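Have a look at the structure below before the remarks.
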(Lines of atoms letter the chains of each structure in order from A; the text may use other names.)
(Lines give C-alpha, C1' and ligand atoms only; values in the text may rest on other atoms or scores of the structure.)
Protein backbone atom coordinates (compact mmCIF):
# COMPACT_ATOMS: atom_id res chain seq x y z
CA UNK A 1 0.00 0.00 0.00
CA UNK A 2 1.25 3.48 -0.87
CA UNK A 3 0.03 6.98 0.12
CA UNK A 4 -1.27 7.32 -3.47
CA UNK A 5 -3.72 4.43 -3.05
CA UNK A 6 -7.42 4.84 -2.33
CA UNK A 7 -8.08 2.80 0.82
CA UNK A 8 -11.61 1.99 1.96
CA UNK A 9 -12.12 1.06 5.58
CA UNK A 10 -15.74 0.85 6.65
CA UNK A 11 -17.53 3.95 5.39
CA UNK A 12 -14.36 5.97 4.84
CA UNK A 13 -12.09 6.30 1.82
CA UNK A 14 -8.56 7.48 2.63
CA UNK A 15 -6.47 9.21 -0.03
CA UNK A 16 -3.56 11.67 0.01
CA UNK A 17 -3.73 12.13 3.77
CA UNK A 18 -7.46 12.93 3.71
CA UNK A 19 -10.54 10.99 4.79
CA UNK A 20 -13.72 11.02 2.72
CA UNK A 21 -17.09 9.53 3.64
CA UNK A 22 -18.15 6.83 1.18
CA UNK A 23 -20.83 4.25 0.53
CA UNK A 24 -20.44 0.64 -0.55
CA UNK A 25 -22.72 -1.92 -2.13
CA UNK A 26 -26.15 -2.83 -0.78
CA UNK A 27 -24.77 -6.38 -0.29
CA UNK A 28 -21.92 -5.17 1.93
CA UNK A 29 -18.39 -6.23 1.07
CA UNK A 30 -17.32 -9.72 0.06
CA UNK A 31 -14.42 -11.92 -0.97
CA UNK A 32 -16.80 -13.93 -3.19
CA UNK A 33 -18.30 -11.40 -5.60
CA UNK A 34 -21.08 -12.57 -7.95
CA UNK A 35 -23.00 -10.74 -10.65
CA UNK A 36 -26.08 -9.06 -9.18
CA UNK A 37 -25.22 -9.58 -5.48
CA UNK A 38 -24.81 -5.83 -4.89
CA UNK A 39 -21.59 -6.41 -2.94
CA UNK A 40 -18.32 -4.51 -3.13
CA UNK A 41 -15.39 -6.86 -3.67
CA UNK A 42 -12.72 -6.91 -0.97
CA UNK A 43 -9.16 -6.66 -2.26
CA UNK A 44 -6.82 -4.51 -4.29
CA UNK A 45 -8.13 -3.20 -7.61
CA UNK A 46 -6.14 -1.04 -10.02
CA UNK A 47 -7.67 2.17 -11.34
CA UNK A 48 -7.58 1.62 -15.10
CA UNK A 49 -9.60 4.52 -16.44
CA UNK A 50 -11.58 7.68 -15.86
CA UNK A 51 -14.78 8.68 -17.68
CA UNK A 52 -16.62 11.99 -17.51
CA UNK A 53 -19.62 13.80 -19.01
CA UNK A 54 -18.16 16.65 -21.13
CA UNK A 55 -21.56 18.35 -21.31
CA UNK A 56 -21.58 18.63 -17.51
CA UNK A 57 -17.95 19.20 -16.50
CA UNK A 58 -14.50 20.09 -17.75
CA UNK A 59 -12.06 17.25 -18.35
CA UNK A 60 -10.88 16.32 -14.81
CA UNK A 61 -7.52 14.84 -15.88
CA UNK A 62 -5.59 14.60 -19.12
CA UNK A 63 -6.21 10.84 -19.30
CA UNK A 64 -10.00 11.07 -18.75
CA UNK A 65 -12.23 9.94 -21.63
CA UNK A 66 -15.61 11.49 -22.46
CA UNK A 67 -18.85 9.55 -22.02
CA UNK A 68 -20.95 9.75 -25.17
CA UNK A 69 -24.76 9.31 -25.42
CA UNK A 70 -24.62 5.72 -26.71
CA UNK A 71 -21.92 4.42 -24.33
CA UNK A 72 -22.84 1.35 -22.28
CA UNK A 73 -21.21 -1.18 -19.95
CA UNK A 74 -22.24 -4.83 -20.37
CA UNK A 75 -23.43 -6.66 -17.25
CA UNK A 76 -25.05 -9.60 -19.08
CA UNK A 77 -23.16 -12.88 -18.66
CA UNK A 78 -24.47 -14.09 -22.04
CA UNK A 79 -22.93 -11.08 -23.83
CA UNK A 80 -19.63 -11.83 -25.63
CA UNK A 81 -18.59 -8.34 -24.40
CA UNK A 82 -19.48 -9.05 -20.75
CA UNK A 83 -17.87 -6.51 -18.39
CA UNK A 84 -16.65 -4.28 -21.19
CA UNK A 85 -17.57 -0.79 -22.31
CA UNK A 86 -19.38 -0.64 -25.63
CA UNK A 87 -21.76 1.36 -27.77
CA UNK A 88 -25.51 0.78 -27.79
CA UNK A 89 -28.03 -0.21 -28.74
CA UNK A 90 -27.43 -3.74 -27.52
CA UNK A 91 -29.65 -6.81 -27.26
CA UNK A 92 -27.83 -7.76 -24.04
CA UNK A 93 -28.30 -6.39 -20.52
CA UNK A 94 -26.18 -3.34 -19.85
CA UNK A 95 -25.77 -0.15 -17.87
CA UNK A 96 -26.12 3.15 -19.71
CA UNK A 97 -23.18 5.38 -18.89
CA UNK A 98 -24.77 8.57 -20.26
CA UNK A 99 -27.46 8.91 -17.61
CA UNK A 100 -30.20 11.45 -16.98
CA UNK A 101 -29.15 11.64 -13.32
CA UNK A 102 -25.63 12.75 -12.34
CA UNK A 103 -24.45 9.40 -10.92
CA UNK A 104 -21.93 8.78 -13.71
CA UNK A 105 -20.86 12.34 -14.48
CA UNK A 106 -17.39 11.27 -13.29
CA UNK A 107 -16.42 7.59 -13.05
CA UNK A 108 -13.21 5.87 -12.03
CA UNK A 109 -12.94 2.40 -13.57
CA UNK A 110 -11.32 -0.49 -11.69
CA UNK A 111 -9.85 -3.69 -13.07
CA UNK A 112 -12.35 -5.86 -11.18
CA UNK A 113 -12.89 -8.97 -13.36
CA UNK A 114 -11.28 -7.16 -16.29
CA UNK A 115 -10.02 -7.38 -19.05
CA UNK A 116 -10.71 -11.13 -19.27
CA UNK A 117 -13.97 -11.46 -17.39
CA UNK A 118 -15.03 -14.63 -15.64
CA UNK A 119 -18.75 -14.84 -16.40
CA UNK A 120 -20.88 -14.31 -13.31
CA UNK A 121 -18.03 -12.98 -11.15
CA UNK A 122 -19.38 -9.46 -11.33
CA UNK A 123 -19.00 -6.49 -13.58
CA UNK A 124 -18.24 -2.79 -13.44
CA UNK A 125 -16.88 -1.91 -10.03
CA UNK A 126 -16.63 1.85 -10.34
CA UNK A 127 -15.95 4.75 -8.04
CA UNK A 128 -18.69 7.26 -8.76
CA UNK A 129 -20.87 9.89 -7.16
CA UNK A 130 -23.15 8.66 -4.39
CA UNK A 131 -26.90 9.18 -4.46
CA UNK A 132 -26.78 10.51 -0.91
CA UNK A 133 -24.95 9.83 2.35
CA UNK A 134 -25.48 6.28 3.58
CA UNK A 135 -27.40 5.16 0.48
CA UNK A 136 -25.78 1.99 -0.90
CA UNK A 137 -24.55 1.39 -4.44
CA UNK A 138 -24.98 -1.73 -6.57
CA UNK A 139 -21.44 -2.80 -5.56
CA UNK A 140 -19.41 0.25 -6.46
CA UNK A 141 -17.84 2.83 -4.14
CA UNK A 142 -19.83 6.06 -3.89
CA UNK A 143 -18.41 9.46 -2.91
CA UNK A 144 -19.71 12.99 -2.46
CA UNK A 145 -19.44 14.73 -5.85
CA UNK A 146 -17.06 17.41 -4.56
CA UNK A 147 -14.77 14.75 -3.06
CA UNK A 148 -14.69 12.76 -6.29
CA UNK A 149 -13.85 15.93 -8.23
CA UNK A 150 -11.02 16.68 -5.76
CA UNK A 151 -9.58 13.15 -6.00
CA UNK A 152 -9.78 12.65 -9.79
CA UNK A 153 -7.08 15.11 -10.95
CA UNK A 154 -4.69 13.87 -8.24
CA UNK A 155 -4.69 10.24 -9.37
CA UNK A 156 -1.57 8.90 -11.06
CA UNK A 157 -0.64 5.71 -12.89
CA UNK A 158 -0.51 2.70 -10.60
CA UNK A 159 -3.12 3.89 -8.09
CA UNK A 160 -5.18 1.13 -6.51
CA UNK A 161 -8.54 0.97 -4.80
CA UNK A 162 -8.02 -1.17 -1.72
CA UNK A 163 -11.22 -2.38 -0.05
CA UNK A 164 -10.67 -3.90 3.39
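Numbering (our numbering), first residue to last: 1 to 164. Think of the CB as a built atom: it goes at the ideal place given N, C-alpha and C, for glycine as much as any other residue. Keep in mind that this is a model prediction, so the values were computed, not measured.
Integer Cβ distance of residue i from residue j, believed to fall under 8 Å
i, j, result
"residue 75", "residue 93", "6 Å"
Sheet register partners of residue i (DSSP bridge)
i, result
"residue 43", "163"
"residue 50", "108"
"residue 14", "7 and 19"
Neighbourhood of residue i by C-beta, 7 Å cutoff - its chain only, sequence neighbours within 5 removed
i, result
"residue 22", "8, 11, 12, 13, 141, 142 and 143"
"residue 67", "51, 52, 53, 97, 98 and 104"
"residue 156", "4"
"residue 29", "39, 40, 42 and 163"
"residue 159", "4, 5, 6 and 47"
"residue 33", "39, 41, 121 and 122"
"residue 95", "72, 73, 75 and 124"
"residue 77", "35, 119 and 120"
Of the listed residues the options, nearest to residue i (C-alpha basis)
i, options, result
"residue 26", "103, 37, 32 and 80", "37"
"residue 87", "131, 73, 80 and 46", "73"
"residue 133", "24, 77, 16 and 89", "24"
"residue 83", "153, 126 and 154", "126"
"residue 117", "106, 45 and 81", "81"
"residue 85", "100, 113 and 16", "113"
Own chain partners of residue i with C-beta closer than 6 Å, once the 5 adjacent residues on each side are dropped
i, result
"residue 229", "The shown model of the chain, from 1 to 164, leaves out residue 229, and the question about it has no answer."
Residues of its chain near residue i, where Cβ-Cβ distance is below 8 Å and the 5 sequence neighbours each way are ignored
i, result
"residue 20", "12, 13, 14, 143, 144, 147 and 151"
Interface flag, residue i vs chain C, CB-CB below 8 Å
i, result
"residue 72", "In summary, chain C is missing from the structure at hand, where a single protein chain is found."
Contained alpha helix (DSSP H) runs [length at least 4] in the region 109 to 158, N- to C-terminal order: 145 to 151
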